[in-house]
Amino acid sequence: MALIFPKWTNEIPRVAAPVLTLLSGVVVFVVWFWFSPKHTDVGYAPVQPIPYSHALHAGRGMVKLTDGTMSSALGLDCRYCHNNVEKSASAGVPPTQTCMNCHKQVKLGSLLLAPLYKSWGDGKPENDGGGVPWKRIHKVADYAYFPHAAHVAIKKEGAAIGCATCHGRVDQMVVVAQQQPLSMSWCLDCHNNPAAFLRPIDQLTNMSWTTDPAWDAKAKDIATRLNPPGNKNAATVMPDGQVIVRATAGCSGCHR
Numbered sequence: 046m047a048l049i050f051p052k053w054t055n056e057i058p059r060v061a062a063p064v065l066t067l068l069s070g071v072v073v074f075v076v077w078f079w080f081s082p083k084h085t086d087v088g089y090a091p092v093q094p095i096p097y098s099h100a101l102h103a104g105r106g107m108v109k110l111t112d113g114t115m116s117s118a119l120g121l122d123c124r125y126c127h128n129n130v131e132k133s134a135s136a137g138v139p140p141t142q143t144c145m146n147c148h149k150q151v152k153l154g155s156l157l158l159a160p161l162y163k164s165w166g167d168g169k170p171e172n173d174g175g176g177v178p179w180k181r182i183h184k185v186a187d188y189a190y191f192p193h194a195a196h197v198a199i200k201k202e203g204a205a206i207g208c209a210t211c212h213g214r215v216d217q218m219v220v221v222a223q224q225q226p227l228s229m230s231w232c233l234d235c236h237n238n239p240a241a242f243l244r245p246i247d248q249l250t251n252m253s254w255t256t257d258p259a260w261d262a263k264a265k266d267i268a269t270r271l272n273p274p275g276n277k278n279a280a281t282v283m284p285d286g287q288v289i290v291r292a293t294a295g296c297s298g299c300h301r
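Taking the numbering used here, the leading residue of the sequence shown gets 46, the next gets one more, and so forth.
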């Protein structure tokens with residue numbers, strides 16, 4: 046009697062077992078690594094070397110401290126610490142000197158601030174292993190280019206994307222946690238409808254700012270002159286029927 050299946054099919058069960066095991070391992074790794082808080086999950090809040098309360102430093106009114114006592118918030122502007130946000134791609138992490146402007150006098154000798162005073166005593170610059178080893182929370186993928194300056198200072202239009210849009214109400218956070226997924230689809234939601242996320246440039250760091258009908262109309266007008274990368278509405282039809290697509294509408298705007 047002729048064989049229905051060739052002999053090599055007898056090896057399928059033996060080969061399939063390790064292959065399926067390997068594939069399962071790859072799937073588990075992909076989900077565990079790329080779906081972790083380090084990449085897209087909202088809520089990522091690593092333990093920092095110093096329990097720095099943004100609610101105390103950037104908030105307003107009375108706030109509860111880590112020891113349970115109440116204190117008046119300082120209301121610092123975000124740009125006091127993140128002083129590169131309007132002029133570079135990175136917002137910047139405050140160097141030890143910025144912290145010591147206050148903490149030479151305030152909470153001097155506090156055990157909670159030991160890493161800060163150690164950094165101050167070492168005197169090493171951040172690019173030479175010095176500085177407080179803060180753990181970064183918000184980070185887009187390495188293959189995506191995100192310039193803070195282009196988002197928070199659209200100066201010719203007098204508009205900006207406020208800090209709270211991406212980072213949430215940091216002024217109310219004792220422990221800062223990631224509020225948005227920072228994914229490609231999340232970015233494109235804004236790029237395709239920038240008017241909904243624009244605010245007056247002088248309200249950049251005002252966490253409690255809310256819009257009004259007059260600004261809504263102005264934002265829609267400003268948005269007609271913006272063509273952020275990936276904007277599906279970036280094509281312009283000329284009177285003669287010619288379709289012009291600005292260069293920034295392509296993938297290279299973010300993926301350089």
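Using N, Cα and C, we set each Cβ at its ideal position, and we do this for glycine too.
Spatial neighbours of residue 191 in its own chain (CB-CB distance under 6 angstroms, excluding positions within 5 residues in sequence) are listed in chain order as 185. Assignment of residue 156 by DSSP, reduced to helix, strand and coil, places it in the helix class.
Taking 8 angstroms as the upper bound for CB-CB distance, residue 250 and residue 167 are not in contact here, some 31 angstroms apart. As computed with DSSP, residue 116 is found in a beta bridge with 108. Just so you know, the alpha carbons of residue 73 and residue 265 end up roughly 44 angstroms apart.
A Cβ-Cβ contact shorter than 8 angstroms links residue 141 with residue 177.
In this structure, residue 132 lies near residue 194, with their beta-carbon atoms less than 8 angstroms apart. Rounded to whole angstroms, the gap between the alpha carbons of residue 61 and residue 67 is 10 angstroms. The residue among 270, 269 and 243 with its C-alpha nearest the C-alpha of residue 257 is 243. Three or more beta-carbon pairs drawn from the region 98-110 and the region 213-220 are found closer than 8 angstroms, and the two stretches are therefore classed as touching. A straight-line Cα-Cα distance of about 17 angstroms links residue 58 and residue 49. Exposure of residue 154 is indicated by the presence of fewer than 16 other C-beta atoms within 10 angstroms of its C-beta. Counting the other CB atoms within 10 Å of its CB gives residue 273 a total of 16 or more, which places it among the buried residues. Annotation for residue 93: 179 and 180 place their beta carbon closer than 7 angstroms to its own, counting only its chain and skipping 5 residues before and after.
Within its own chain, the residues whose Cβ lies closer than 6 angstroms to the Cβ of residue 275, once the five positions on either side in sequence are excluded, are 233 and 236, listed in chain order.
Taken through DSSP and simplified to helix, strand or coil, residue 205 comes out as strand. A straight-line Cα-Cα distance of about 11 angstroms links residue 231 and residue 238. Pairing residue 241 with residue 261, the inter-Cα distance amounts to about 8 angstroms.
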